[in-house]
Amino acid sequence: MKRVWLLLLVVLALASIIGTVGFAKQKVTLRVISRTWAKEEIEWAWKKLQENHPELDITIEYHLYEYNETRTQLAIRLSRKEPIDVMTVDHIWIGEFKDMIMQIDKSKIKGYDDWLPSFRALMEKYAEKGKTLGLYASTDIRLIFWNKELMKKLGIENVKIETWDDVKKYAKMIKEKENLLPEGVKPVGFMAGNSEHTNSRWYDYLWAAGGDILSEDETRAVFNEEPGVKALEFYGWFLKNGMVSPEDVLSPPNGAVYDEAFLNGKFVISLGNGHWLGTSTAKNV
Numbered sequence: 039m040k041r042v043w044l045l046l047l048v049v050l051a052l053a054s055i056i057g058t059v060g061f062a063k064q065k066v067t068l069r070v071i072s073r074t075w076a077k078e079e080i081e082w083a084w085k086k087l088q089e090n091h092p093e094l095d096i097t098i099e100y101h102l103y104e105y106n107e108t109r110t111q112l113a114i115r116l117s118r119k120e121p122i123d124v125m126t127v128d129h130i131w132i133g134e135f136k137d138m139i140m141q142i143d144k145s146k147i148k149g150y151d152d153w154l155p156s157f158r159a160l161m162e163k164y165a166e167k168g169k170t171l172g173l174y175a176s177t178d179i180r181l182i183f184w185n186k187e188l189m190k191k192l193g194i195e196n197v198k199i200e201t202w203d204d205v206k207k208y209a210k211m212i213k214e215k216e217n218l219l220p221e222g223v224k225p226v227g228f229m230a231g232n233s234e235h236t237n238s239r240w241y242d243y244l245w246a247a248g249g250d251i252l253s254e255d256e257t258r259a260v261f262n263e264e265p266g267v268k269a270l271e272f273y274g275w276f277l278k279n280g281m282v283s284p285e286d287v288l289s290p291p292n293g294a295v296y297d298e299a300f301l302n303g304k305f306v307i308s309l310g311n312g313h314w315l316g317t318s319t320a321k322n323v
């Protein structure tokens with residue numbers, strides 16, 4: 039009888055251990071490197087993961103940085119061969135960090151054919167046949183902004199800017215009343231200095247003029263052909279007509295500095311800012 043009780047106790051003990059293991063959640067930690075603007079998106083995704091996988095104990099360790107610092111931090115981790123589960127990569131960095139990005143079968147990505155053709159081509163370029171490099175997250179948009187408060191101060195209301203000629207029309211109206219503006223404020227602003235942000239903000243005007251950076255077969259540069267000249271002449275018109283000084287457009291070292299200058303009222307109309315200004319602390323824009 040003692041042997042029977044002993045065997046029963048062993049069975050109960052094993053059942054208890056197995057039951058405990060069965061109900062214990064597997065711990066999963068995801069390491070994320072991304073941009074500062076992505077905090078809400080990451081926390082939303084974390085919540086969804088927890089809802090969809092209640093059997094897992096999911097923790098997210100995320101580090102968020104501004105644009106340039108994001109690239110620096112990714113480079114540091116690449117040199118250390120430090121694993122990262124999720125990261126945000128600008129498409130112009132893909133060649134540098136391609137070995138850190140998971141290749142995904144294109145057939146398994148919902149809506150893959152709806153991605154921008156240029157992005158599909160770029161991400162497939164570094165992947166094996168039939169696969170793509172990572173997932174396409176977002177595209178920022180370049181816009182024309184104007185300061186409503188300053189426009190109103192000049193008596194210019196119901197502003198409607200849809201074409202290059204519209205920009206010139208309102209710039210002339212502002213110029214005519216320039217004496218009513220605070221000292222140092224210019225009718226129009228844009229970036230023209232030694233910064234990659236100068237290029238990225240000008241490309242929209244290049245494309246709007248019907249041009250492109252490279253030929254369709256990507257074998258030669260075409261940005262300096264007629265459409266590119268037109269896009270540069272559009273910028274140049276504001277300089278020639280005293281709407282802004284060379285120093286104003288050459289001095290900002292990067293996009294963030296220029297954006298801050300516009301938000302602080304340096305320019306009434308601004309060319310090439312991103313959609314992010316619309317969700318910033320910008321007032322009267």
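Here the sequence shown stands for residues 39 to 323, numbered as in the numbering used here. Think of the CB as a built atom: it goes at the ideal place given N, C-alpha and C, for glycine as much as any other residue.
Mapping DSSP to helix, strand and coil, what is residue i?
i, result
"Ala259", "strand"
"Thr110", "helix"
"Val223", "coil"
"Trp43", "Any reading at Trp43 needs caution, since the residue's pLDDT is 40, under 50, leaving its predicted position unreliable; the model's value is listed next. Here Trp43 sits in helix by DSSP."
"Lys190", "helix"
"Leu315", "helix"
"Met211", "helix"
"Phe228", "coil"
"Thr170", "strand"
"Leu160", "helix"
"Trp202", "helix"
"Pro290", "coil"
"Glu195", "coil"
"Ala299", "helix"
"Ser117", "helix"
"Met138", "helix"
"Val48", "Below a pLDDT of 50, predicted positions are generally treated as unreliable, and Val48, at 38, falls in that range; no measurement from the model is reported."
"Leu154", "coil"
Do residue i and residue j have their CB atoms nearer than 8 angstroms?
i, j, result
"Asp297", "Leu315", "yes"
"Lys213", "Gly280", "yes"
"Lys304", "Lys224", "yes"
"Trp84", "Ile98", "yes"
"Leu68", "Asp123", "yes"
"Phe272", "Tyr241", "no"
"His235", "Asn292", "yes"
"Val205", "Ile307", "yes"
"Leu218", "Lys191", "yes"
"Arg239", "Arg180", "yes"
"Lys146", "Tyr164", "no"
"Ala294", "Ala269", "no"
"Thr108", "Arg73", "yes"
The alpha helix (DSSP H) spanning residue i covers which residue range?
i, result
"Asn311", "Run containing Asn311: none in the alpha helix (DSSP H); it sits in the beta strand (DSSP E), Phe305 to Gly312."
"Leu252", "Careful: Leu252 lies outside any alpha helix (DSSP H) and carries neither H nor E."
"Val267", "Glu264 to Lys278"
"Lys77", "Lys77 to Asn90"
"Trp240", "Glu234 to Ala246"
"Gly149", "Note, Gly149: premise wrong, no alpha helix (DSSP H); not H, not E."
"Ile132", "Ile132 to Phe135"
Which whole-angstrom value is the C-beta distance of residue i and residue j, which I expect to be below 8 angstroms?
i, j, result
"Ile142", "Thr170", "6 angstroms"
"Gly231", "Val287", "7 angstroms"
"Ala76", "Thr126", "6 angstroms"
"Leu63", "Leu94", "One detail in the question is off: residue 63 reads as Lys in this sequence, not Leu. Sure, about 6 angstroms apart at Cβ, within 8 angstroms."
"His313", "Asp178", "6 angstroms"
"Ile114", "Tyr100", "Wrong, their Cβ atoms sit about 16 angstroms apart, outside the cutoff."
In terms of residue numbering, what span does the beta strand (DSSP E) encompassing residue i cover?
i, result
"Thr177", "Neither: Thr177 is in no beta strand (DSSP E) and is coded neither H nor E."
"Tyr103", "Leu94 to Tyr103"
Considering only DSSP beta bridges, list what residue i is partnered with.
i, result
"Trp184", "Ile307"
"Leu68", "Ile98"
"Asp143", "Lys169"
"Arg73", "Tyr103"
"Met125", "Ile71"
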